Amino acid sequence: DQQVKQNSPSLSVQEGRISILNCDYTNSMFDYFLWYKKYPAEGPTFLISISSIKDKNEDGRFTVFLNKSAKHLSLHIVPSQPGDSAVYFCAAGADSWGKLQFGAGTQVVVTP
Amino acid sequence: NAGVTQTPKFRVLKTGQSMTLLCAQDMNHEYMYWYRQDPGMGLRLIHYSVGEGTTAKGEVPDGYNVSRLKKQNFLLGLESAAPSQTSVYFCASRRSHGNTEAFFGQGTRLTVV
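Chains as they are written, first to last, in my numbering: chain A, 354 to 465; chain B, 5 to 117.
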């Protein structure tokens, strides 16, 4: 039973435009959420996170929005750059042991 | 600064063979994890450890064993490999306080034939 879902397996965006990645979850006990970026043949690297007590967190070109009532979060990348081409994973945690549930990932391709 | 290092990076096993994947972290993290990534399924937690000498089951623990004899190392063992264990395995570590991010190794691609 997948508790974190990324329903868009791929996204293509032009350089300089906004990339919007979506993530839905079913477990209301999740209290923190993270986005990871992954290049081929590398491990995931942390991008940005948000606690359930917030609805927005911003870090440079990356902003994560959380809508708890809809059990939905999104990652905005503005402006998109060619180096942003990667797979993006949404993850959620519900305990102090740091165990995470991951979505299936969204492949982002930024075209010139 | 090495971070999280996994050994080996690639391995091909025959069905029934055994092997151990090694994870080493140099960040003095208390918590360590083993995940597997399969196509279309994201990462799934196999086992985790919240300190030296402790281990616990994750979401998909069957067919695997783990040990954490030293704080910096977390070993994942396959006693009798099966084709269903063909996957990419990622180790991660995290400090114990607060909801902080986990740091991942570069992965081990395992094929069981």
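Ideal Cβ positions, reconstructed from N, Cα and C, are used throughout, including at glycine.
These numbers were taken from a predicted model, which means no experiment stands behind them.
Suppose the cutoff is 6 Å on Cβ atoms and the five residues either side in sequence are ignored; what does the same chain contact list for residue i look like?
i, result
"I403 of chain A", "F386, N410, V417, L419"
"S176 of chain B", "As shown, chain B starts at 5 and ends at 117. That puts residue 176 of chain B outside it, with no answer to give."
"F383 of chain A", "A445, A447"
"K75 of chain B", "E56"
DSSP three-state label for residue i, please.
i, result
"Q355 of chain A", "coil"
"Q89 of chain B", "helix"
"D448 of chain A", "coil"
"G81 of chain B", "strand"
"D437 of chain A", "helix"
"M23 of chain B", "strand"
"L428 of chain A", "strand"
"L73 of chain B", "coil"
"F442 of chain A", "strand"
"Y392 of chain A", "coil"
"V54 of chain B", "coil"
"M36 of chain B", "strand"
"S372 of chain A", "strand"
"A6 of chain B", "coil"
"V64 of chain B", "coil"
Kindly list the residues whose CB is nearer than 7 Å to the CB of residue i, restricted to its own chain and excluding five residues on each side of it in sequence; keep chain order.
i, result
"I373 of chain A", "S427, H429"
"T90 of chain B", "L114, T115, V116"
"K421 of chain A", "S405"
"V8 of chain B", "C27, Q29, C95, A96, S97, F107, F108, G109"
Within the same chain, show all residues whose beta-carbon is closer than 8 Å to that of residue i, passing over the 5 residues directly before and after it, in chain order.
i, result
"K424 of chain A", "D377, Y378, T379, S381"
"E368 of chain A", "P432, S433, Q434, P435, V463, T464, P465"
"L49 of chain B", "Y37, W38, Y39, G62, E63, V64"
Relative to the alpha-carbon of residue i, which residue among the options has its alpha-carbon at the smallest distance?
i, options, result
"Y52 of chain B", "B:Y68, B:T115, B:T9", "B:Y68"
"G451 of chain A", "B:G62, B:L80, B:V116", "B:G62"
"G102 of chain B", "B:T9, B:G111, B:A6, B:E34", "B:E34"
"Y93 of chain B", "B:E105, B:T59, B:L73, B:F78", "B:F78"
"S449 of chain A", "B:D42, B:G109, B:L73, B:V54", "B:V54"
"Q10 of chain B", "B:L80, B:P43, B:D66", "B:L80"
"P87 of chain B", "B:A6, B:D42, B:C27", "B:D42"
"G44 of chain B", "A:G413, A:Y389, A:Q359, A:K391", "A:Q359"
"D437 of chain A", "A:S361, A:Q356, A:Y392", "A:Y392"
"F107 of chain B", "A:D412, A:K390, A:D408, A:K407", "A:K390"
Measure the C-alpha to C-alpha separation of residue i and residue j and round it to an integer number of angstroms.
i, j, result
"F415 of chain A", "S405 of chain A", "18 Å"
"V116 of chain B", "L82 of chain B", "11 Å"
"L25 of chain B", "Y441 of chain A", "25 Å"
"C95 of chain B", "L364 of chain A", "27 Å"
Is residue i near the ligand GDP - that is, is its Cβ less than 7 Å away from at least one heavy atom of it?
i, result
"G369 of chain A", "As presented, the structure is devoid of all ligands, the ligand GDP included, so that no description of it is given."
Using 8 Å as the cut-off, can you tell me whether the stretch 10-18 of chain B makes contact with the stretch 448-465 of chain A, which would need three or more C-beta pairs spanning the two stretches below that distance? The stretch 10-18 of chain B is not in contact with the stretch 448-465 of chain A.
Specify whether the stretch 19-26 of chain B and the stretch 390-401 of chain A touch according to this definition: at least 3 beta carbon pairs, one from each stretch, less than 8 Å apart. By the C-beta criterion, the stretch 19-26 of chain B is judged not to be in contact with the stretch 390-401 of chain A, since fewer than 3 inter-stretch pairs fall below 8 Å.
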